[in-house]
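Here is the structure we will look at, set down as structure tokens.
Protein chains: 2
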Amino acid sequence: MTDIIEKLNWRYATKKYDPAKSVPADKLERILESIRLAPTTSGLQPFEVFVVTNPAIRSKIKDISYDQQQVVDCSHLLVFAAWDDMTPERVNMMFDLTNEQRGTVNEGWEAYRKQLLGMLAARGQEINFQSAAKQAYIGLGIAMVAASFEGVDCTPMEGFDPNVLDELLNLKERNLRSVVMLPLGYRAAEGDWLVNLKKIRRDREHFITEIK
Amino acid sequence: MTDIIEKLNWRYATKKYDPAKSVPADKLERILESIRLAPTTSGLQPFEVFVVTNPAIRSKIKDISYDQQQVVDCSHLLVFAAWDDMTPERVNMMFDLTNEQRGTVNEGWEAYRKQLLGMLAARGQEINFQSAAKQAYIGLGIAMVAASFEGVDCTPMEGFDPNVLDELLNLKERNLRSVVMLPLGYRAAEGDWLVNLKKIRRDREHFITEIK
């Protein structure tokens, strides 16, 4: 049985956090672990997660995020940063890690490595980054479910200047690009205009098509 | 408390399905409902989900998916198809639905609609499609968690020819573009080379960075 639907109905894009409430370490770790376990294309995990609690840096991030208060009022600010490219070094790092951890070298796996390296080189940097960014959104989706199971509120945020954020977090020198942020914390319901409004989704017939 | 981590460790990219086993309707509906409830940018839900059970169509999809057997052996084949653009018609449809369902017209909300319409028109079709595709990956991530809670196996698949798939499902005339597939079903463990291999992820220190 599942209560994931109940959790998805409980969550909403929190507009106001209680700055006095902090997410306990064990809850935060389970949310981060869920993201770490997210499935990604060819198992590459082509993104990283930054957990920003530093007040001065969060204040600067707020300045480039349409002044949204959640950035500074939340407990922990997650930043998802995707690989700026899927380079041979990175791909080989993940394939080597796989061989090392499984203690085997598999012929089919090695053939796939070769094929993948050729494909990634052919399609180029920008498409590889776009693909990496999509994988980060798998992690984002799972993070929001994991947070809900912990009773932790969150707010997916795309409205920020990624170039300045990359500079603030020194992402360029790590060959990463910020793609989406996720404040985590606890709602301050009395000051949140959205908390009591109905969740809106298109109905099933405008969202699902069966091809029988 | 949560057992999402246990579920994420249970799941794996299933390589062989038992074609005799079908996902019961109630389980399928809860997985689809979880996708429908997925949060998306500005609440637009800029994608749709196709549930393909038709054998002839699945056979054709297999032909353009590196002949991967999961496409035909799975119980239900989900195809995530993103809006090919975020047009004023579509944005207004979602904002109007929101007003209708909430029974109110909110000044701030209407100002945001206007701002969003300007931004989407300025950045153009291809970037709007890329953004829509990312939102579909939020749904994909949540779908994989939902399936795991139902004890249903799944396999995220990007390896297919999207242009031919769009033709097979008549997506172009609906202004949609296929972005990722997700077979659902039950593992045939005895014939699956991956099922018993260790799940590989980079360790925490190579994935999470704390900025305190």
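For the record, the sequence lines run as chains A and B.
Here the first sequence is numbered in the numbering used here, starting from 1 and rising by one per residue.
Here the second sequence is numbered in the numbering used here, starting from 1 and rising by one per residue.
For every residue, glycine included, the Cβ atom is placed at its ideal position computed from N, Cα and C.
Three-state secondary structure assigned by DSSP to residue i
{"i": "Y112/A", "result": "helix"}
{"i": "W193/B", "result": "coil"}
{"i": "M181/B", "result": "strand"}
{"i": "Y221/A", "result": "Lying before the first or after the last residue shown, residue 221/A is absent from chain A, which here runs from 1 to 212."}
{"i": "Y17/B", "result": "strand"}
{"i": "D26/A", "result": "helix"}
{"i": "D3/B", "result": "coil"}
{"i": "D67/B", "result": "coil"}
{"i": "T87/B", "result": "coil"}
{"i": "A56/B", "result": "helix"}
{"i": "L165/B", "result": "helix"}
{"i": "T209/B", "result": "strand"}
{"i": "D96/A", "result": "helix"}
{"i": "G202/B", "result": "The amino acid occupying residue 202/B in the given sequence is Arg; Gly does not appear at that position. Here R202/B sits in coil by DSSP."}
{"i": "E173/B", "result": "helix"}
{"i": "F129/B", "result": "helix"}
{"i": "L37/A", "result": "coil"}
{"i": "G103/B", "result": "coil"}
{"i": "G139/B", "result": "helix"}
{"i": "G159/A", "result": "coil"}
{"i": "G124/B", "result": "coil"}
8 Å Cβ cutoff met for residue i and residue j
{"i": "L77/A", "j": "R102/A", "result": "no"}
{"i": "K21/B", "j": "G151/B", "result": "no"}
{"i": "R177/B", "j": "L169/B", "result": "no"}
{"i": "A82/B", "j": "V179/B", "result": "yes"}
{"i": "I200/B", "j": "T98/A", "result": "yes"}
{"i": "R30/B", "j": "M144/B", "result": "no"}
{"i": "I142/B", "j": "T40/B", "result": "no"}
{"i": "I35/B", "j": "S34/A", "result": "no"}
{"i": "T53/B", "j": "I211/A", "result": "yes"}
{"i": "S42/B", "j": "L116/B", "result": "yes"}
Residues bridged to residue i (per DSSP)
{"i": "H76/A", "result": "L184/A"}
{"i": "A81/B", "result": "E48/B and S178/B"}
{"i": "D153/B", "result": "G185/B"}
Cβ distance (whole Å) where residue i is taken to contact residue j below 8 Å
{"i": "Y17/A", "j": "A188/A", "result": "6 Å"}
{"i": "L140/B", "j": "L194/B", "result": "That pair is no contact at about 19 Å."}
{"i": "T155/A", "j": "Q70/A", "result": "5 Å"}
{"i": "D85/B", "j": "P19/B", "result": "Not a contact, Cβ separation roughly 38 Å."}
{"i": "F80/B", "j": "A136/B", "result": "4 Å"}
{"i": "K7/B", "j": "F95/B", "result": "That belief does not hold up - the Cβ atoms of K7/B and F95/B are roughly 35 Å apart, past 8 Å."}
{"i": "L120/B", "j": "V164/B", "result": "That pair is no contact at about 28 Å."}
Cβ of residue i within 8 Å of any chain C Cβ
{"i": "V105/B", "result": "Annotation note: the requested chain C is absent from the structure, which comprises protein chains A and B."}
_Would the segment 43-53 of chain A count as touching the segment 120-136 of chain A if we require 3 or more Cβ pairs under 8 Å?_
yes
_Touch test, the segment 107-126 of chain A against the segment 201-209 of chain A, Cβ-Cβ under 8 Å, three pairs minimum_ = no
*asked:* Can you confirm whether the segment 150-167 of chain B touches the segment 62-74 of chain B when touching is taken to mean that 3 or more C-beta pairs between the two stretches lie within less than 8 Å?
replied: yes
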